[in-house]
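> Position 596, counted from 1, in the sequence shown is what the working numbering calls 597; the numbers after and before it change by one each time, with no gaps.
The C-beta atom is built at its ideal place from N, Cα and C for all residues, glycine as well.
These numbers were taken from a predicted model, which means no experiment stands behind them.
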Amino acid sequence: MGWAVGVCNAGGVGVAGGRASARVAMAGARVQLADLNVPDVNPIQALSHLLQEERERLARLWAKRLRAETYDVEVPGRDLRAPLRRLLDELARLLKDRPDDVVRLWPEVVRPHGAFRYTQNFDPEDLTREFKSLEEVILHVYARRNGGFIESQVAELVAELVWEADAAAQASYARILKTEEVRFREAAVMESVLNQVDVGIMLAEVDGTVSFATPPVSRLMGVPMRAVVGGRAANTINPVLTQVNARHLTGEPFKLADMPFLRALKEKGPVRGVMMVVERPGGDTATLELSATPVWEEEGELAGAIQTFTDRTEAVNKTKALQSAHGELRRLQGRLLQRTRQQALGQLASGAAHALNNFLNVLRLRITLLQREFKPEHLEALDKTVQQIGELVARLQEFNIQRTQEQPTDVPVDQTVREALELARGELEQREHPVYVDLDLGDVGNVRADTGFFRELVVNLLLVSRDRMEAGGRLHVSTRAEGSSWLTLRIEDEGTPYAPDELARLFDPLRRDASAPQLSLFLAVARAQVERWGGELTAEVPASGTGTAFVVRLPRVHEGAVSTAPRPEPSRAEVMRPAGPRRFQQTRSVLVVDDDLDNARMMAEVLGEEGYEVQVAHSPAVALGMWDRRRYDAALLDAVMPEMSGWELARELRKKTPQALLAIVTGMDVRGQNRSNLALVDAVFRKPIDVGALDDFLGQSDTAASENGASTTGSAPPA
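#1: What's the gap between the Cα of Thr-489 and the Cα of Leu-440?
#2: Since Leu-730 and Ala-60 should fall inside the 8 Å C-beta cutoff, what is the C-beta to C-beta distance between them, to a whole number of angstroms?
#3: Grouping DSSP H, G and I as helix and E and B as strand, with all else coil, what is Tyr-437?
#4: Cα separation between Pro-621 and Glu-649?
#5: Determine, using beta carbons only, whether Val-142 and Leu-266 come nearer to each other than 9 Å.
#6: Starting from His-477, trace the beta strand (DSSP E) in both directions and tell me its first and last residue.
#7: To the nearest whole angstrom, what separates the beta carbons of Pro-261 and Gln-308, a pair I think is in contact under 8 Å?
#8: Contact check, Ile-665 vs Val-685 under 8 Å by CB: the rounded distance?
#9: Taking only three categories from DSSP, how would you classify Ile-690?
#10: Can you give the Cα-Cα distance for Leu-178 and Phe-310, rounded to whole angstroms?
#11: When you compare the CB positions of Leu-303 and Lys-269, do they come within less than 9 Å of one another, or not?
#12: Could you tell me the distance, in whole angstroms, from the CA atom of Gln-115 to the CA atom of Ala-169?
#13: Can you have a look at Ala-306 and say buried or exposed, based on whether 16 or more other CB atoms are within 10 angstroms of its CB?
#14: Can you give me the C-alpha to C-alpha distance between Leu-257 and Arg-248, rounded to a whole angstrom?
#15: What residues match up with Asn-447 in a beta bridge as DSSP calls it?
#16: What first and last residue would you give for the beta strand (DSSP E) that runs through Trp-487?
#17: Is the beta carbon of Ala-540 sitting closer than 9 Å to the one on Leu-555?
#18: Return the first residue and the last residue of the alpha helix (DSSP H) that Thr-120 is part of.
#19: Spell out the partners DSSP gives Arg-557 in its beta bridges.
#20: Which word fits Asn-447, buried or exposed, when buried means at least 16 other C-beta atoms lie within 10 angstroms of its C-beta?
#21: Would you mind reading off the limits of the alpha helix (DSSP H) that contains Ser-646?
#22: Rounded to whole angstroms, what is the Cα-Cα separation between Gly-13 and Glu-300?
#23: If we count Cβ pairs, one from each stretch, closer than 8 Å, do we get three or more for the stretch 140-158 versus the stretch 37-56?
#24: Find out if the Cβ-Cβ distance for the pair Ala-316, Gly-223 is shorter than 9 Å.
#25: Tell me the DSSP secondary structure of Arg-631 in three-state form.
#26: Near Phe-132, what residues of its chain come up, given a Cβ to Cβ distance below 6 Å and the 5 sequence neighbours on each side ignored?
#27: Return the CA-CA distance between Met-2 and Arg-56, expressed in angstroms with no decimal places.
#28: Please name the residue in Arg-87, Pro-543 and Asp-451 whose C-alpha comes closest to that of Ile-492.
#29: Looking only at its own chain, which residues have a Cβ that is under 6 Å from the Cβ of Ala-293, when we skip the five neighbours before and after it?
#30: Would you mind reading off the limits of the alpha helix (DSSP H) that contains Val-218?
#31: Per DSSP, what are the beta-bridge partners of Val-615 in this structure?
#32: How should Ser-22 be labelled, buried or exposed, when 16 other C-beta atoms within 10 angstroms of its C-beta is the threshold for buried?
#33: Which same chain residues, not among the five before or five after Gln-616, have their C-beta less than 6 Å away from its C-beta?
#34: Between Ser-173 and the rest of its own chain, which residues show a CB-CB distance below 6 Å, the 5 nearest in sequence each way excluded?
#35: Does Glu-136 pass the burial test, meaning 16 or more other C-beta atoms within 10 Å, or should it be called exposed?
#36: For Ala-472, count neighbouring Cβ atoms within 10 angstroms of its own Cβ and tell me buried if that reaches 16, exposed if not.
Next comes the structure, spelled out in structure tokens:
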């Protein structure tokens with residue numbers, strides 16, 4: 002297809018055959034028309050009318066002409082014509098709406114076209130051919146519509162528009178080209194860097210295809226690069242995972258779905274810290290940390306994901322070694338603490354035996370007096386002595402319980418110090434060289450701590466101070482308030498004072514003292530315990546220069562402060578029951594289950610005198626048979642029995658009669674029981690049992706319980 006524009010004597014440019022240049026023809030026309038008196042034509046209006054009426058034809062001819070000029074560019078015909086039509090639409094709009102600014106605005110419209118043609122693999126020469134073709138097509142169609150003539154003003158306007166458009170497109174093309182060159186250099190540098198770092202990087206497309214991976218990926222996984230790149234994950238990654246026997250740290254097989262980049266594509270968010278263990282061909286095992294991050298296009302579309310591979314083998318091995326060493330240290334500490342605890346319990350046993358012998362002696366003398374002559378005061382004294390024995394046993398049980406969790410509460414310091422001294426008195430005084438205690442308590446109030454732990458702390462500090470006085474002597478125990486916020490407990494002995502360097506290392510858990518190798522470990526644990534309560538434990542030499550003082554400093558509980566911690570363990574006389582009544586009628590019939598027949602018969606006799614109908618079962622099997630034959634209103638169950646525990650029996654009875662009152666009667670500490678067991682029963686009574694509290698429990702009704710539930714002395718079963 003070829004056109005040429007010739008000069009006609011009518012004062013315009015005519016169409017003629019041949020391949021003469023349109024620009025040359027227009028130049029000739031301007032020269033010839035310079036001396037002619039031809040009426041002016043409005044080129045803007047003329048060109049605007051042309052585009053409004055012949056736009057589709059111009060686009061078709063332009064695309065056809067462009068295809069002939071750029072035959073080596075592989076662009077489908079429809080894709081080639083569409084951008085040309087958009088350019089013509091914009092030119093028509095500008096000619097109509099902005100005629101005075103069309104020459105200035107048209108290049109800005111064409112500018113993005115250069116960048117677009119870059120993506121279609123056009124060369125700069127192709128852009129020039131494209132706009133040259135536009136000029137020829139416009140002049141050709143205009144001449145055909147205008148009787149073969151083209152006014153010089155129209156030809157000049159077309160030439161100016163085409164030249165400006167070509168320049169704008171070329172500038173945009175050049176800028177993109179320079180940018181791509183920079184990107185290429187940056188990509189080359191980045192790839193060189195990535196090949197040198199130890200972190201492997203893998204790129205995955207939206208469909209899961211692995212499109213790129215750096216050499217460290219191959220090195221870390223122990224497989225060739227071709228096994229990872231170039232295919233869908235199911236076809237490439239899955240066989241690789243099987244080949245390297247990939248697994249989690251727990252030993253479970255590492256599946257394809259566990260790969261972070263697949264999860265990142267699915268969840269559209271980062272996935273970090275996934276650990277994988279692989280067996281490489283050399284026989285060594287490596288631990289890799291995998292992380293993935295999704296990649297987004299500028300328009301917000303998901304483009305793929307980047308996954309990193311980091312070798313964590315050395316770190317994992319060191320962590321395992323540290324964990325092993327830590328576990329061994331904890332086991333060693335546990336053995337030392339158990340040894341310390343066993344020694345303390347052995348020492349307390351002799352003191353407790355001494356106290357119990359005193360109580361039993363009082364009991365025997367009171368019974369002798371009763372046998373001779375009945376007096377009410379003898380019975381009251383007997384009951385008081387039995388209560389004292391129960392409280393002593395309860396404190397010993399609390400001292401011996403293996404706690405796993407503290408239960409902070411408001412602890413009265415002076416009272417707890419007296420209880421601790423009572424527990425340790427026998428061991429302090431019943432020796433060849435006794436140690437006596439001088440108490441100087443200042444009514445310091447309460448601290449926030451665990452009652453049992455605090456009592457145990459005081460007992461152990463007393464025994465530690467005693468061991469420092471082999472020849473006997475006196476311990477001075479005092480409590481003092483430091484203003485309204487703090488208090489101190491001071492235990493001062495008369496032994497040989499520690500040297501300054503010994504005091505500095507006294508709380509070092511790794512210090513070994515030939516005379517007491519576990520002393521520093523115990524003191525370190527005790528200090529950590531006091532620090533958890535917000536205080537401090539120190540040792541110092543008194544101003545007198547003799548002996549050593551252990552000082553416990555703790556924050557005081559202000560009066561009126563509301564406690565949010567669970568209540569302390571109820572005493573033996575307290576009843577623990579749920580907030581609301583479980584039963585709906587007053588208790589009449591009671592079943593007592595205890596493998597100790599003497600205990601069971603005495604319980605039945607006492608309850609019978611209170612007006613209850615009582616039956617006795619000496620084993621859980623007998624109790625279940627009796628319960629099947631008759632439903633009782635309540636049951637008192639011994640906690641420890643050979644065939645079945647009282648908790649298990651309570652579970653069976655609760656299934657049979659949900660509304661029955663069930664209580665556990667035990668001489669053991671119940672804090673080792675879990676919540677599910679405690680929820681089976683309505684109360685727990687500690688032996689020796691308080692008959693008055695038991696009667697209150699059995700005599701409750703639904704109305705009374707509802708009215709008095711807020712004022713009852715009981716509490717919900719503890720955790």
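Taking the coordinates as given:
#1: As a first step, residue 489 must be located in the sequence shown, where it is residue number 488. As a first step, residue 440 must be located in the sequence shown, where it is residue number 439. So the two alpha carbons sit approximately 14 Å from each other.
#2: A question about residue 730 goes unanswered here, because the residues of the chain that appear run from 2 up to 720.
#3: Position 436 of the sequence shown holds residue 437. In this structure, Tyr-437 counts as strand in the three-state DSSP scheme.
#4: In the sequence shown, the residue the question calls residue 621 occupies position 620. In the sequence shown, the residue the question calls residue 649 occupies position 648. For Pro-621 and Glu-649, the distance between alpha carbons rounds to 9 Å.
#5: One-based indexing of the sequence shown puts residue 142 at position 141. One-based indexing of the sequence shown puts residue 266 at position 265. Contact: no.
#6: Your numbering for residue 477 matches position 476 in the sequence shown. Taken as a continuous stretch (DSSP letters only), the beta strand (DSSP E) holding His-477 covers 474-483.
#7: Indexing the sequence shown from 1 puts residue 261 at position 260. Indexing the sequence shown from 1 puts residue 308 at position 307. 6 Å between Cβ atoms; contact.
#8: Working through the sequence shown from its first residue, we reach residue 665 at position 664. Working through the sequence shown from its first residue, we reach residue 685 at position 684. Confirmed, Cβ separation roughly 5 Å.
#9: To locate residue 690, count along the sequence shown from 1; it is residue 689. Three-state result, Ile-690: coil.
#10: Locating residue 178 in the sequence shown gives position 177, counting from the first residue. Locating residue 310 in the sequence shown gives position 309, counting from the first residue. For Leu-178 and Phe-310, the distance between alpha carbons rounds to 34 Å.
#11: Working through the sequence shown from its first residue, we reach residue 303 at position 302. Working through the sequence shown from its first residue, we reach residue 269 at position 268. Yes, Cβ-Cβ distance for Leu-303 and Lys-269 is below 9 Å.
#12: Along the sequence shown, one-based indexing puts residue 115 at 114. Along the sequence shown, one-based indexing puts residue 169 at 168. It should be pointed out that residue 115 corresponds to Gly in this sequence rather than to Gln. Each residue's Cα considered, the two are about 8 Å apart.
#13: Mapped onto the sequence shown, residue 306 falls at position 305. Flag for Ala-306 reads buried.
#14: Translated into the one-based positions of the sequence shown, residue 257 becomes position 256. Translated into the one-based positions of the sequence shown, residue 248 becomes position 247. Taking the straight line joining both Cα atoms gives about 11 Å.
#15: Walking along the sequence shown from the start, residue 447 turns up at place 446. In the DSSP output, where bridge partners are listed per residue, Asn-447 has Pro-413.
#16: For this step, residue 487 is matched to residue 486 along the sequence shown. Here the beta strand (DSSP E) through Trp-487 covers 487-493.
#17: Sequence index remark: in the sequence shown, residue 540 carries index 539 (1-based). Sequence index remark: in the sequence shown, residue 555 carries index 554 (1-based). No.
#18: Residue numbering aside, residue 120 sits at position 119 when the sequence shown is read from its first letter. It spans 103-120 - the alpha helix (DSSP H) in which Thr-120 sits, taken as one unbroken run.
#19: Residue mapping note: residue 557 aligns to position 556 of the sequence shown, counting from 1. For Arg-557, which the question treats as bridged, DSSP gives the partners Val-448.
#20: Counting from one through the sequence shown, the residue named residue 447 turns up at place 446. By the neighbour-count rule (16 or more Cβ atoms within 10 Å), Asn-447 is buried.
#21: On the sequence shown, position 645 is the one that residue 646 refers to. Per DSSP, Ser-646 belongs to no alpha helix (DSSP H) and is neither H nor E.
#22: On the sequence shown, residue 13 is found 12 positions in, with the first residue counted as 1. On the sequence shown, residue 300 is found 299 positions in, with the first residue counted as 1. Summary for Gly-13: the model assigns pLDDT 43, below 50, so the residue's position carries little reliability, and this model does not support an answer.
#23: yes
#24: Indexing the sequence shown from 1 puts residue 316 at position 315. Indexing the sequence shown from 1 puts residue 223 at position 222. It is not a contact, given that the beta carbons lie outside the stated cut-off.
#25: Taking the sequence shown and counting its residues from 1, one reaches residue 631 at position 630. DSSP places Arg-631 in coil when its eight states are reduced to three.
#26: In the sequence shown, the residue the question calls residue 132 occupies position 131. So the qualifying residues of the chain are Val-163, Ala-166 and Asp-167.
#27: What you label residue 2 is simply residue 1 of the sequence shown in a count that begins at 1. What you label residue 56 is simply residue 55 of the sequence shown in a count that begins at 1. Confidence at Met-2 is low in this model, with a pLDDT of 44, below 50, so its placement is unreliable and the value that follows should be read with caution. Looking at the two C-alpha atoms, the distance is approximately 19 Å.
#28: Position 491 of the sequence shown, counting from 1, holds the residue named residue 492. For Ile-492, the nearest C-alpha among the options comes from Pro-543.
#29: Numbered from its first residue, the sequence shown carries residue 293 at position 292. So the list reads Pro-261, Phe-262, Ala-265, Val-272, Ala-306 and Gln-308, once near-sequence residues are dropped.
#30: Here residue 218 refers to the residue found at position 217 of the sequence shown. Where Val-218 is concerned, the enclosing alpha helix (DSSP H) stretches over 216-222.
#31: Counted from its first residue, the sequence shown places residue 615 at position 614. Note: Val-615 sits in a beta bridge opposite Val-591.
#32: The count along the sequence shown starts at 1 and reaches residue 22 at position 21. Below a pLDDT of 50, predicted positions are generally treated as unreliable, and Ser-22, at 39, falls in that range; the measurement from the model is reported next regardless. Burial call: exposed.
#33: Here the question's residue 616 lines up with position 615 in the sequence shown. Leu-592, listed in sequence order.
#34: Position 172 of the sequence shown, counted from the first residue, corresponds to residue 173. Contacts found: Arg-112, Gly-115 and Ala-116.
#35: As a working note, residue 136 is residue 135 in the sequence shown. Buried, by the Cβ-count rule.
#36: By one-based count along the sequence shown, residue 472 stands at place 471. Exposed is the call here.
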